[in-house]
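Below is one structure, written out as structure tokens; comments come after it.
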Amino acid sequence: MSLGTFPHRARGGAGPSMATIITQECINCGACEPECPNTAIYQGGVEYDLAGAKRPALHGDIFYIVPEKCTECVGFFDYEACAAVCPVDCCVTDPERPESEDALMVRARELHPDKTFDDAFPSRFSPGRGVPAKEAAPSVAAAPVAVASGGAPTGARTSVGRIERALTRRGKALASGGPARVAGVEIDGPFDDILKRAREPHHTPSSRLLGVLLRFSTPFLGALPHATKKTLELGYGDPRVYSAQPSTALNILLNFALYPVVFYAIGVVRGVVPFTEGDKSWIVIGVIIASIETLIRLRQGIFQQLPADKMQYGASFYGAPLGIVLQPLIAKLLRSLRSGHVPVEGFYGNEFEAKRERERRYGEVYAVEEFDGGYYVRLELPRTIPPSAAREERGFGDVMPDYDLDVHVGGEGVTIRGSVVDPELRAVCGISPAFPADFRTEIPLGGPLGGFRHRYSDKTLEVAVLKAGA
């Protein structure tokens with residue numbers, strides 16, 4: 018999402034700014050709260066005065082911003098993070114509360130005594146300028162401000178209530194889930210061996226015949242568009258039989274012989290006497306056309322210097338009509354490669370989480386690959402505990418403990434259940450938006466399925482599933 022789509026975020030220049038507020042159009046999606054580097058955003062129902070005491074919220078049940086803690090992200094980003102992620106554009110400026118950039122910077126330093134800010138700090142007044150705040154060297158002055166239960170902060174600073182830091186690696190130990198429980202026929206042996214069995218191509222006599230045809234027709238198939246050639250390569254599943262890169266190279270060599278012959282024939286049809294001085298020009302035209310076509314097809318490697326595995330190998334002049342003729346064969350070789358929901362990365366940095374992390378908490382970040390012999394499923398688990406006032410009150414760090422996992426493989430799919438184990442963390446899930454304590458993800462694969470093997474490491478669950486009979 019481009020920042021330019023938010024008109025109220027484009028303000029800048031010298032002069033006073035205005036505090037950010039959340040209007041009544043808020044839909045309670047919770048996207049803004051974890052993005053705030055000052056943890057200044059809360060859900061309605063209760064708020065805090067300057068002394069840190071609770072009082073009934075004047076905002077109803079929608080999210081709201083504590084103005085004494087809002088710095089409009091000055092010192093952290095050159096835009097307002099809450100406005101950047103708001104799907105209904107309800108994080109706007111408050112014309113009744115003008116504030117200068119200097120005042121916002123002073124507040125940022127008060128809210129974050131444990132951080133240092135360069136003189137050229139990021140600010141929406143100067144987009145693209147500055148380096149975000151970083152952790153200060155340990156010192157007595159930079160010690161975290163304690164918060165007394167139910168009252169005002171204790172320590173050196175008492176002017177602002179409920180001072181929290183966005184992220185910290187410190188925190189009490191939290192209970193983690195143990196090894197994943199599985200239901201189904203789990204196969205003994207190393208995970209990589211089972212995955213290799215799933216990926217092995219299983220060719221029938223008819224597919225072997227197609228393989229022979231592919232080998233002999235490789236120079237002509239290299240004329241096809243890049244996407245079609247990759248479809249053939251992935252569809253047959255054996256790069257030793259057919260691969261887009263060598264197929265294109267052979268086709269280019271073929272065309273340097275084919276085009277001069279074709280243009281020579283055209284010259285003869287037009288009345289040129291064969292084997293005389295007049296026929297040479299037609300041969301030269303064929304070579305020139307082949308050279309120009311080669312430059313066009315390999316322009317990414319020649320002019321952009323892309324490596325061979327990153328290039329798009331273009332089609333020859335006759336590649337498109339050839340692709341139409343071969344469409345039935347291409348459809349036969351096509352293998353379905355399906356992918357789960359992988360959300361787009363959002364605005365993120367050291368002070369706030371990525372949108373992808375939010376999707377992990379719902380079990381929605383996964384991918385599926387299908388092969389002749391089986392499937393490979395990869396699901397990502399959350400890495401961090403989302404920033405919130407409830408997290409800070411309980412003294413948690415930001416590292417998410419391992420989920421308790423159940424993996425069931427049967428029927429025609431895989432079902433994965435994940436649960437937060439620690440009771441204190443589950444209590445935070447109950448009051449934090451976009452942070453469910455449990456999730457259930459059902460991934461249809463198409464059956465029937467055989468045995469499987471799973472592996473879990475670094476917040477990632479992998480499952481290799483064999484098809485029945487494989």
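In our numbering, each residue carries its 1-based index in the sequence shown increased by 17. All residues carry an ideal CB built from backbone N, CA and C; glycine is no exception.
ALA481 is bridged by DSSP to TYR393, ARG470. In the structure shown, VAL437 adopts coil according to DSSP, grouped into three states.
ARG373 sits away from ALA384, with the two beta carbons spaced by 9 Å or more. Note that the C-beta distance between LEU249 and LEU267 is not below 9 Å. If you draw a straight line from the Cα of GLU113 to the Cα of VAL83, it is about 15 Å long. Sorting CYS43, CYS99, ASN45, ALA36 by C-alpha distance to the C-alpha of THR110 places ALA36 at the top.
For the 9 Å CB-CB criterion, ARG443 and ARG457 do not form a contact. A check of alpha carbon separations from ALA337 across VAL431, GLU85, ARG411, LYS246 identifies LYS246 as the nearest. A check of alpha carbon separations from GLU397 across TYR473, PHE93, GLN329, LEU339 identifies TYR473 as the nearest.
Among the bridge pairs identified by DSSP, CYS108 is matched with ILE39. For ALA307, same chain residues with a beta-carbon under 7 Å away, outside a window of 5 residues either side, are ASN272, PHE273, TYR276 in chain order. Apart from the 5 residues on each side of it in sequence, ALA454 sits with its Cβ closer than 6 Å to the Cβ of VAL437, ARG443, CYS446 in its chain, given in chain order. As a beta-bridge residue in DSSP terms, GLN60 pairs with PHE80.
A straight line joining the alpha-carbon of ARG287 with that of ILE302 spans about 15 Å. When the Cα atoms are used, PHE388 and VAL431 turn out to be separated by approximately 16 Å. Distance from the CA atom of GLU50 to the CA atom of ILE211, rounded to whole angstroms, is 43 Å. The alpha-carbon separation between GLY390 and GLY195 amounts to approximately 30 Å.
In this structure, ALA485 is the residue among ALA485, LEU478, HIS471 with its C-alpha nearest to the C-alpha of GLY464.
Beta bridge pairing from DSSP links LEU422 with GLY435. For TYR81, the closest alpha carbon among the candidates GLY92, PHE94, ALA48 is that of ALA48. In the structure shown, ALA200 adopts extended strand secondary structure according to DSSP, grouped into three states. VAL385 is bridged by DSSP to VAL394.
Within 10 angstroms of the beta-carbon of GLU42 lie fewer than 16 other beta-carbons, which makes it exposed. Going by DSSP, ARG124 is part of the alpha helix (DSSP H) stretching over 118-128. The DSSP-derived three-state label of VAL416 is strand.
Linking GLU376 to PRO403 through their CA atoms gives a straight-line distance of about 12 Å. Note on geometry: alpha-carbon atoms of ARG225 and VAL102 lie some 52 Å from one another.
According to the DSSP assignment, PRO461 belongs to no alpha helix (DSSP H) but to the beta strand (DSSP E) extending over 455-461. Across the structure, LYS213 and GLY206 are spaced so that their CA atoms are roughly 12 Å apart.
Looking only at ALA481, GLN317, TYR420, the smallest Cα-Cα distance to LYS327 is reached by GLN317. Distance between ARG126 and LEU315, taken at the CA atoms: about 54 Å. For GLY464, the three-state secondary structure derived from DSSP is coil. Taken through DSSP and simplified to helix, strand or coil, LYS476 comes out as coil.
In the DSSP assignment, GLN262 falls within the alpha helix (DSSP H) that extends over 261-286.
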